[in-house]
Structure formats: structure tokens, C-alpha cells
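Chemist: What follows is a structure written as C-alpha cells; I'll ask about it next.
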Amino acid sequence: MTLRTIEMQVALPRTQDAGKLQDQLQHRGQMMQQQIVANQLAAEQRKRKQVIESDQTEDVQLREESNESEYCFEKNGPEKEEEPLPRLDHPYLGKNIDFNG
């Protein structure tokens, strides 16, 4: 089975196309990995900045809350302690413990 000249003219360009496609497929995987790494680095940077920014906002909120609580304390006066309720003894509840099954 020999290849004729016409068949060779058709076969050679197709092998070159197949080679190009194979090369593109190999590079596509590398490019995807590079893109994933770049996205992860960008996400880490955002998270690092977000933590710093949220810590600063929490500090401001804590200051505001402490100022409000001081204001409420001054407004209401000293807090009154609640008196404990007197203990009521029941004639039969809590006297005996049943250890059977």
C-alpha cells in the first residue's frame, strides 16, 4: 500500500494541522494553570486587605458601643441588683429518687 503523490499532498497538511492542535492542547493546560494561580493570588490579596479593613471598622464600632453604654449607664443611674426569688419547698417533689430501671 503505497501513497500516491495526490494522497501525499492531502496527508502532509493534515499531519501538520494535527501537530498544531496537539501543541495547542498542551499549552492550553499550562495556560489554565497559570490563570488559576493568578486568580488565587488575587483572591488572597483581597482577603488580606479585607481582614485589615474589617478590623479597623470593628474598632470604630466598639468605640461607639462603649460610648453608648457609658451614656446609658449615666442616664439610668447605678444598676439595681435583682433579689433572688424565695425558694418554695414542695411537700413531695424532689424528696425521693427512683433508682429502678
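Residues 1 to 101 (full-length UniProt numbering) are what the sequence shown spells out, left to right. For each residue, glycine too, the CB sits at the ideal point set by N, CA and C.
Using the Cα positions of C18 and Q50, report the straight-line distance between them to the nearest angstrom.
Modeler: For the purposes of this step, residue 18 is taken as residue 18 along the sequence shown, with counting starting at 1. For the purposes of this step, residue 50 is taken as residue 50 along the sequence shown, with counting starting at 1. Looking at the sequence itself, residue 18 is Ala, so the reference to Cys does not match. Approximately 48 Å, taken between the alpha carbons.
Chemist: Tell me whether D17 sits in a helix, a strand or coil according to DSSP, three-state version.
Modeler: Taking the first residue of the sequence shown as 1, we reach residue 17 at position 17. Three-state result, D17: helix.
Chemist: At the level of alpha carbons, what is the spacing between R28 and A43?
Modeler: Within the sequence shown, residue 28 is the residue found at index 28, counting from 1. Within the sequence shown, residue 43 is the residue found at index 43, counting from 1. Between R28 and A43, the C-alpha separation is close to 22 Å.
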